[in-house]
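> Structure in structure tokens, see below.
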Amino acid sequence: MNESEEFCSEFRNLLNTPFRTLLYFREYDYKPVDNDVTFVAQLSYDRLQRIEELVKLWTGPISLTLYVSDAELVKCISFITSSEVLKERTDIAYHAVFKDGEYYPINKLRNVGLRNVQTPYVFLADIDFLPSKSLYINLVKHISDMGSLKKKALVVPAFEIQKIGTSIPRNKRQLLSKLEDKSVIPFLSSVWAPGHAPTDYEKWKTAEESYQVEWKPDYEPYIVVYKDVVGYNEKFVGFGWNKVSHVMELEAQNYQFIVLPNVFIVHTPHTPSYDIARFRSSPIYRLCLQMLKEEFIMKLNKNYNRHFVYTNSSISLMNVYLRRRKRNFVLPGSQTTVETNTDYPSNSE
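Right, here's the structure in full:
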């Protein structure tokens with residue numbers, strides 16, 4: 026094993042980690058409904074209370090995968106059984122993946138939730154987003170109206186709260202008002218515009234019908250798809266490119282991305298995760314992530330006969346880092362730029 030491979034081995038080793046997994050650790054009783062859709066998300070113990078907020082707004086089935094220790098699972102069960110909001114809901118599938126290793130296996134968690142749904146469709150979301158009040162009902166209606174989602178991904182536009190104390194808008198009219206006073210903005214637009222810019226928020230503001238948009242590099246929308254969609258690439262752990270890679274594979278499979286006009290989700294503020302802190306502070310973390318990204322794109326090009334562009338810069342950057350390290354130098358964090366970054370600039374959450 027060469028030095029660069031040794032440095033990045035902890036990322037690769039996670040693929041072979043046999044995570045202990047406990048499916049359906051609470052009663053799950055789902056009655057099938059045509060064109061139904063499950064809200065799929067993953068979370069760590071510190072995000073537990075977000076579930077109550079979500080359940081108040083999403084009235085359909087939910088699949089949640091929790092990354093916890095044994096002791097935290099006991100606390101989770103106690104929280105759920107004592108919650109007036111949660112204890113009566115039997116259409117929430119709770120799964121546990123037990124902690125093992127230093128990094129948060131985000132795509133492993135997503136795949137556990139995705140592969141254990143009983144509805145024909147899934148809404149692939151995150152726990153830090155809250156839905157517009159009628160999102161579930163509107164999604165079922167859109168799916169019914171479209172007839173088939175084969176090779177289609179329905180995009181639910183994402184926004185974020187800017188001002189502390191801002192309430193979650195209940196409908197598009199309220200959201201447009203908050204966009205006007207800038208208490209709510211398009212998600213990540215101030216720090217990483219490529220992630221959601223293809224959604225075309227200006228068009229969405231006045232849209233009354235669904236519209237198709239073109240995939241662009243680094244696009245990472247929140248989408249509704251068939252439950253048999255390709256899984257997330259589990260090489261990506263912690264922070265960086267974990268969702269971008271999934272959407273890119275859908276593009277490789279010739280999916281259409283269709284933005285819905287009357288639905289949305291809103292990101293609520295939270296403290297930065299440990300993995301984001303690692304991404305910001307560790308040059309080697311960013312370099313390993315860049316290496317995984319390049320390997321993924323090369324494999325995608327081969328498997329789907331595509332020609333996605335990649336920089337192939339990680340090996341040369343790694344060699345620079347190793348040479349400087351031997352001379353007791355540290356590669357400055359500023360070496361990672363928007364062009365070589367893996368998700369969005371390191372001064373963001």
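Numbering-wise (the working numbering), the sequence shown opens with residue 26 and increments by one. Using N, Cα and C, we set each Cβ at its ideal position, and we do this for glycine too. Nothing here was measured: the structure is a model prediction, and the numbers come from that model.
Restricting to runs no shorter than 3 residues, where is the beta strand (DSSP E) found entirely within the segment 98-150?
You should have 117-123 and 146-149.
> Roughly how many angstroms separate the alpha carbons of Gly-190 and Met-323, rounded to a whole number?
In a straight line, the C-alpha of Gly-190 is about 45 Å away from that of Met-323.
> How many angstroms separate the CA atom of Gly-285 from the CA atom of Ile-248?
Checking the displayed sequence, the identity of residue 285 turns out to be Leu instead of Gly. Cα to Cα, the separation comes out at about 10 Å.
> One question on the structure: do Trp-266 and Lys-318 come within less than 8 Å of each other, judged by their Cβ atoms?
Against a cut-off of 8 Å, the Cβ pair of Lys-318 and Trp-266 comes out as a contact.
> Tell me the start and end of each unbroken alpha helix (DSSP H) in the segment 31-67 that is at least 4 residues and wholly inside, in chain order.
Here the runs fully enclosed are 34-38.
> Helix or strand or just coil, what does DSSP make of Glu-227?
Correct three-state label for Glu-227: helix.
> Less than 8 Å between the CB atoms is what I'm expecting for Val-62 and Ile-168, so what's the real figure, rounded?
With 8 Å as the limit, Val-62 and Ile-168 qualify as a contact, their Cβ atoms being about 7 Å apart.
> Since I believe Thr-224 is in contact with Gly-126 (beta carbons under 8 Å), could you give me their beta-carbon distance rounded to a whole number of angstroms?
Not confirmed; about 34 Å, so no contact.
> What's the C-alpha gap between Ser-338 and Arg-311?
In this predicted model, Ser-338 has a pLDDT of only 46, less than 50, meaning its place in the structure is not dependable enough to derive any value.
> Measuring only the C-alpha atoms, how far is Asp-206 from Val-254?
Between Asp-206 and Val-254, the C-alpha separation is close to 38 Å.
> Are there 16 or more other CB atoms within 10 angstroms of the CB of Leu-164, so buried, or fewer, so exposed?
Its Cβ being crowded by 16 or more others within 10 Å, Leu-164 is buried.
> Pick helix, strand or coil for Leu-204, following the three-state DSSP scheme.
In this structure, Leu-204 counts as helix in the three-state DSSP scheme.
> Excluding five sequence neighbours on each side, which residues of the same chain lie with their C-beta closer than 8 Å to the C-beta of Leu-102?
Position check: residue 102 holds Ile in this sequence, whereas Leu was assumed. If we look at Ile-102 and ignore the five residues flanking it on each side, its Cβ neighbours are Phe-50 and Arg-51.
> Tell me the DSSP secondary structure of Val-181 in three-state form.
The answer is strand: DSSP assigns Val-181 an E or B state.
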